[in-house]
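First to last, the sequence lines map onto chains W and E.
Under the working numbering, the first sequence has 283 at position 283, and the numbering climbs by one with no breaks.
Under the working numbering, the second sequence has 46 at position 46, and the numbering climbs by one with no breaks.
All residues carry an ideal CB built from backbone N, CA and C; glycine is no exception.
On a predicted model such as this, the values are computed, not experimentally measured, just so you know.
Have a look at the structure below before the remarks.
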Amino acid sequence: MAVTFTVSPIIRGVTSCVPPRVVDNLEEAGEFQSEEVGKVVKLAGVRRRHLASERECSSDLCLAAARDVLQSLEWNPASIDALIMVTQTPDYFLPSTCCVIHRALGLSDKCAAFDVGLGCSGYPYGLCVASMMLQSHGFRRALLLHGETPTRFSHSSDRAVALLFGDAGSATALEAASSRTDRKWWFSLHTDGSGGDDLILPGGGFRDRFPQDARKHYVFMNGANVFSFTIKRVLPLIEDTLRAAGLTKEEIDYYIFHQSNQFIIRHLLRKAGVPEAKVPLTIGEFGSAGGPSVPLTITRGNLLRPPDRSLTLLLLGYGVGLSWGSALVDLPPAAVVNHVILPENCTVTGRG
Amino acid sequence: MTQEEALDWIAELFEEPREKITPETDRKAIPAWDSLGVLTLMAALDEKFNIILSDKDVRGMEKVADLLQILRRNGKPT
Numbered sequence: 001m002a003v004t005f006t007v008s009p010i011i012r013g014v015t016s017c018v019p020p021r022v023v024d025n026l027e028e029a030g031e032f033q034s035e036e037v038g039k040v041v042k043l044a045g046v047r048r049r050h051l052a053s054e055r056e057c058s059s060d061l062c063l064a065a066a067r068d069v070l071q072s073l074e075w076n077p078a079s080i081d082a083l084i085m086v087t088q089t090p091d092y093f094l095p096s097t098c099c100v101i102h103r104a105l106g107l108s109d110k111c112a113a114f115d116v117g118l119g120c121s122g123y124p125y126g127l128c129v130a131s132m133m134l135q136s137h138g139f140r141r142a143l144l145l146h147g148e149t150p151t152r153f154s155h156s157s158d159r160a161v162a163l164l165f166g167d168a169g170s171a172t173a174l175e176a177a178s179s180r181t182d183r184k185w186w187f188s189l190h191t192d193g194s195g196g197d198d199l200i201l202p203g204g205g206f207r208d209r210f211p212q213d214a215r216k217h218y219v220f221m222n223g224a225n226v227f228s229f230t231i232k233r234v235l236p237l238i239e240d241t242l243r244a245a246g247l248t249k250e251e252i253d254y255y256i257f258h259q260s261n262q263f264i265i266r267h268l269l270r271k272a273g274v275p276e277a278k279v280p281l282t283i284g285e286f287g288s289a290g291g292p293s294v295p296l297t298i299t300r301g302n303l304l305r306p307p308d309r310s311l312t313l314l315l316l317g318y319g320v321g322l323s324w325g326s327a328l329v330d331l332p333p334a335a336v337v338n339h340v341i342l343p344e345n346c347t348v349t350g351r352g
Numbered sequence: 001m002t003q004e005e006a007l008d009w010i011a012e013l014f015e016e017p018r019e020k021i022t023p024e025t026d027r028k029a030i031p032a033w034d035s036l037g038v039l040t041l042m043a044a045l046d047e048k049f050n051i052i053l054s055d056k057d058v059r060g061m062e063k064v065a066d067l068l069q070i071l072r073r074n075g076k077p078t
């Protein structure tokens, strides 16, 4: 796909949510030697991570985020026309996680709801789908939820992932522009399925539902291949999006990278000629939380927000699939940006 | 880039004494050339030479000579 655009909807609010349990990689080395951990922390930049318990799911994190954003905006749940849940860590194979959250939020039976099964690239994809719906007639308000709990599928002895992942959820409240506007959001969305085996959770699905090898219930990542993919794909993604939108690198206020690995992000921004000040990092405090690391970095990346104009953000997601995408959007000064810790007893089941 | 310059660069990259690095040096003899070191190497190759390693390249690197071969193949005579 070439770069495409939609009429710009309005971001009214973004809330991120993480589980309360925090692990300091340097203090809880698990199965690894401290020297080894030190090297990983230095390279990947992951000092602390928030870990979901066995009872905490992506749905719970997104539910808490959604409740916060609805409350902050004083939006009646019945006014939500569309709920999009982006996740690869659903509660069940069926029903879709969106339906579980729909019930917990008490949304209307007039609300369209569906899941999008994407990971690291999920936020740009989700924004693209939401903004396309909002530019059509009938949809006024949409909630885009994006949550992942990758720590629940990473093996504690796998050095490639065990110290890297954190868990997070998010809710983004979007509203159709109330009057005709010439503002646009730009998107570039891509896939290379030939790299599917480079980041895969091989067991538990219907291809191999009850694998004999217990390791197949945990994620496998070929870090070198994923790094090659990132080097090859992300720079053209940035350049193509900017070219289509007619913007220069300098006109972007912030580049919000999927927080995959600090070393990789810094390598990319050096290659792209983007100053570090325009690239907020949250991986040190939250680890790599998959695709939700993008909205998490919007809320926790210490973005300087001038009161008199919107921020222009280039959002970048890339990874499992292999799938990658960008979203060039604006964050209005009035948008509510919050971050919450998952409260006790805030689960889609109503039980803690 | 001459072979000597390439060896200088590899020694500096993996923080090893220059005299330890020859084409015959085994990857296992270079502690920093572990799975994390591969990422450092990949980033350095991309940044300095615009070389992106393939999966086959990464799997095939056992000695310094293999890395020199990759440089040669990408038009960086060593």
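Could you tell me whether any Cβ in chain W is nearer than 8 Å to the Cβ of E:E47?
-> In the second sequence, the residue the question calls residue 47 of chain E occupies position 47. Closer than 8 Å to some Cβ of chain W, the Cβ of E:E47 qualifies, so yes.
Pairwise C-alpha distance: W:L105 and W:R67 | The count along the first sequence starts at 1 and reaches residue 67 of chain W at position 67. The count along the first sequence starts at 1 and reaches residue 105 of chain W at position 105. Rounded to the nearest angstrom, the two C-alpha atoms are 7 Å apart.
How about W:L342 and W:L313: are their beta carbons less than 8 Å apart?
-> Counting from one through the first sequence, the residue named residue 342 of chain W turns up at place 342. Counting from one through the first sequence, the residue named residue 313 of chain W turns up at place 313. No, the pair does not count as a contact, with Cβ atoms beyond the cut-off.
Which stretch, first to last residue, makes up the beta strand (DSSP E) that contains W:N338?
-> Counting from 1 along the first sequence, the entry for residue 338 of chain W is found at position 338. Residues 336–341.
Quick one: what's W:Y255 bridged to in DSSP?
-> Sequence index remark: in the first sequence, residue 255 of chain W carries index 255 (1-based). W:Y255 is bridged to W:L314.
With a cut-off of 8 Å, does the C-beta of W:R351 fall near any C-beta of chain E?
-> Taking the first residue of the first sequence as 1, we reach residue 351 of chain W at position 351. Confidence is the limiting factor: at W:R351 the pLDDT is only 49, short of 50, which leaves the residue's position unreliable and the question unanswerable from this model.
Which chain W residues are close to E:V58, counting only those with a beta carbon under 7 Å from its beta carbon?
-> For the purposes of this step, residue 58 of chain E is taken as residue 58 along the second sequence, with counting starting at 1. Those within 7 Å of E:V58 in chain W are A224.
So, is the C-beta of W:F139 closer than 8 Å to a C-beta in chain E?
-> Position 139 of the first sequence holds residue 139 of chain W. No, its Cβ sits nowhere closer than 8 Å to a Cβ of chain E.
Do we get a CB-CB distance below 8 Å when we pair E:D55 with the residues of chain W?
-> Residue 55 of chain E sits at position 55 when you count from the first residue of the second sequence. It does: the Cβ of E:D55 has a partner Cβ on chain W nearer than 8 Å.
Taking all protein chains shown into account, do 16 or more other C-beta atoms lie within 10 angstroms of the C-beta of W:H137, making it buried, or fewer, making it exposed?
-> Residue mapping note: residue 137 of chain W aligns to position 137 of the first sequence, counting from 1. Under this definition W:H137 is an exposed residue.
Would you say E:I52 faces chain W, with C-beta separation under 8 Å as the test?
-> For the purposes of this step, residue 52 of chain E is identified with residue 52 of the second sequence, where counting begins at 1. Yes, contact with chain W.
Using a Cβ-Cβ cut-off of less than 8 Å, give me the residues of the stretch 33–44 of chain E that come near chain W, in sequence order.
-> Within the stretch 33–44 of chain E, the qualifying residues are S35, L36, V38, L39, T40, M42, A43.
Every unbroken beta strand (DSSP E) within the stretch 85–154 of chain W, with a cutoff of 3 residues, ordered by chain = 112–116, 141–148
Endpoints, alpha helix (DSSP H) assigned at W:I238 | Residue numbering aside, residue 238 of chain W sits at position 238 when the first sequence is read from its first letter. Note, W:I238: alpha helix (DSSP H), 223–245.
Kindly list the residues whose CB is nearer than 6 Å to the CB of W:M221, restricted to its own chain and excluding five residues on each side of it in sequence; keep chain order.
-> For the purposes of this step, residue 221 of chain W is identified with residue 221 of the first sequence, where counting begins at 1. If we look at W:M221 and ignore the five residues flanking it on each side, its Cβ neighbours are A160, V161, L199.
Buried versus exposed, by CB contacts within 10 Å (16 or more), W:S108 = Against the first sequence, residue 108 of chain W aligns to sequence position 108. By the neighbour-count rule (16 or more Cβ atoms within 10 Å), W:S108 is not buried but exposed.
Under 8 Å (Cβ pairs) to chain E, residues found in the stretch 22–41 of chain W = The residues in question are K39, V40.
Is the stretch 208–228 of chain W in contact with the stretch 187–199 of chain W, if contact means three or more CB pairs nearer than 8 Å?
-> Taking 8 Å as the limit for Cβ pairs, the verdict is that the stretch 187–199 of chain W does touch the stretch 208–228 of chain W.
Counting only beta-carbon atoms, is W:S228 nearer than 8 Å to chain E?
-> Start at 1 with the first residue of the first sequence, and residue 228 of chain W comes out as number 228. By this cut-off, W:S228 is an interface position.
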